[in-house]
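Report on one structure; see the data block that follows.
Residue numbers (full-length UniProt numbering): 1 to 590.
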């Protein structure tokens, strides 16, 4: 059987024999064993004639012992063949079409009442629908009613975890869920389809089954228009997503009342989903639900943060902890502006995409390299003595790296820090904007880290301290903060935008100005940068005089110079505008 030339003879033999001949059974059984080998599959791929003969032997109309045995061996051969990549698209297309035709005529195929045969057909289609276009072809060939019927059969056959039938159907459905039309079949408001699959996310079911259902659900959460229905009483998806992440922790009465009923008063022996990859899938599903305003409010109101907080304390896998923080971010952040309520539809300028990717990488790398590091919820409410470390500026990161480099080159030298800092300040002034980008990215990442840590910080009672800086009453005599180059540009362009779009909201105006700023050439930006530099000099002088008049120490050094690091990292224009407006209203805390 291992010899390639024997396959041509087998094709002729199978073609000449009647279906119930004993040699047919022997041949198919031998093939089902031989095709477990990669070498045999490679050799078989060179003989499409035998493959065509095997496909033509599919017959599920006659229910007899001999036919069942032959079809079982034949389907096992086809399962093995469909798992290999050595076949031509033409052969795979023919096999996919044949299997789809049989499933589409399921009611007229008595032999498909055998669950083992039916499951092997699901396995073949699962292998042949991994690409989206192939999945679309499968969906188009099997009508929606048949797919719903298969869900019902799967549900009825597997309610007892000790049984296992149709184990490959969920995997097939995961592939099909790449097709939007199939997702609509699953989330049909008038039918019970996805509701029949959700219970199989429980850890008592086999890993392959619950993993496939979890991935199927994650794909469904990408359709924002169904979020309200998924979270509503007809589906109650939140309970199914949070239960595998929940442990035996107890909550006070007020917090317990927030939780869905299924998550209240869990037993002491309650365990979490043991597979790290599946925990990430669940967290990614929650993140998708947080992209809509309704989803964020629903998770907050129903204890989503409470479960994730305790989960984060328990989790030790760095990648999963990072996914957990991503899901929590929208829950603890302020609600975005009206035109940004759907986070999937926020228009991020192209020139900022790369910058944000770098910031995300900066955030992720140090965290993944230090699995035990504390972050957004690592220890829950922090004690006052554990108040999060303050955020570092770009210049501070530059200074830190200079010190580390100096220590490596001169490990035994005593450092005169005053002289060393002076040299570093001069070196910083000599860097180009491009050379400073690295440090601005680090500062932006550290700012995000600080904001996350502060979100979990609760000062002790009676300390009079707050984890979030309170807005102080502005002193009318305090100097006005310096404007950035972007704001000088806005002063020129805002009236023009208003003249064209008189009814545009403030946030939309800022967004439009951000787009226009992105198109300004470097040469044209020089004028605005000069205005910003001059305004910084004005502000530094005025703030020094103001502090001196109050008897406050005046901050001096490289960070206060016009050539020092910028006040903040680059942000999307609308966000930068919002932040600067806030700072102008804040009391000075330099």
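We put the CB at the ideal spot given by N, CA and C, even for glycine.
From the DSSP output, in three-state form, read off residue i for me.
i: residue 674; result: This structure gives no information on residue 674, because the portion of the chain shown stretches from 1 to 590.
i: residue 256; result: helix
i: residue 482; result: coil
i: residue 428; result: helix
i: residue 392; result: coil
i: residue 270; result: coil
i: residue 84; result: coil
i: residue 520; result: coil
i: residue 92; result: helix
i: residue 501; result: coil
i: residue 63; result: coil
i: residue 290; result: coil
i: residue 342; result: coil
i: residue 249; result: coil
i: residue 106; result: helix
i: residue 167; result: coil
i: residue 214; result: helix
i: residue 130; result: coil
i: residue 77; result: helix
i: residue 496; result: helix
i: residue 205; result: coil
i: residue 189; result: coil
i: residue 19; result: coil
i: residue 351; result: helix
i: residue 265; result: coil
i: residue 177; result: coil
i: residue 491; result: helix
i: residue 544; result: helix
i: residue 315; result: coil
i: residue 140; result: helix
i: residue 335; result: coil
i: residue 405; result: helix
i: residue 135; result: helix
i: residue 275; result: coil
i: residue 43; result: helix
i: residue 357; result: helix
Following the continuous alpha helix (DSSP H) through residue i, name the residue where it begins and the one where it ends.
i: residue 438; result: 433 to 455
i: residue 113; result: No alpha helix (DSSP H) contains residue 113, which DSSP labels as neither H nor E.
i: residue 36; result: No alpha helix (DSSP H) holds residue 36; DSSP gives it neither H nor E.
i: residue 152; result: 144 to 157
i: residue 196; result: 194 to 197
i: residue 185; result: 180 to 186
i: residue 161; result: No alpha helix (DSSP H) holds residue 161; DSSP gives it neither H nor E.
i: residue 12; result: 6 to 16
i: residue 51; result: 48 to 56
i: residue 321; result: 318 to 332
Alpha carbon to alpha carbon, how far is residue i from residue j?
i: residue 65; j: residue 7; result: 27 angstroms
i: residue 118; j: residue 438; result: 57 angstroms
i: residue 445; j: residue 358; result: 9 angstroms
i: residue 320; j: residue 510; result: 36 angstroms
i: residue 435; j: residue 41; result: 55 angstroms
i: residue 97; j: residue 239; result: 39 angstroms
i: residue 170; j: residue 147; result: 11 angstroms
i: residue 331; j: residue 85; result: 44 angstroms
i: residue 137; j: residue 157; result: 27 angstroms
i: residue 175; j: residue 43; result: 28 angstroms
i: residue 94; j: residue 71; result: 18 angstroms
i: residue 53; j: residue 31; result: 13 angstroms
i: residue 134; j: residue 427; result: 59 angstroms
i: residue 150; j: residue 76; result: 21 angstroms
i: residue 481; j: residue 395; result: 20 angstroms
i: residue 178; j: residue 432; result: 47 angstroms
Please confirm if residue i has its CB atom under 8 angstroms from at least one CB of chain C.
i: residue 285; result: No chain C appears in the structure shown, which is made up of a single protein chain.
Is the beta carbon of residue i less than 8 angstroms from the beta carbon of residue j?
i: residue 597; j: residue 60; result: The structure shown does not extend to residue 597, since the chain is modelled only from 1 through 590, so no value can be given for it.
i: residue 222; j: residue 210; result: no
i: residue 267; j: residue 244; result: no
i: residue 91; j: residue 35; result: no
i: residue 212; j: residue 280; result: no
i: residue 592; j: residue 161; result: The requested residue 592 is not part of the displayed model; the chain covers only 1 to 590.
i: residue 306; j: residue 258; result: yes
i: residue 518; j: residue 274; result: no
i: residue 282; j: residue 337; result: no
i: residue 142; j: residue 124; result: no
i: residue 17; j: residue 10; result: no
i: residue 79; j: residue 114; result: no
Quick check for students: name the residue ranges of the alpha helix (DSSP H) that lie wholly in the region 220 to 247, counting only runs of 4 or more. 227 to 231 and 237 to 242
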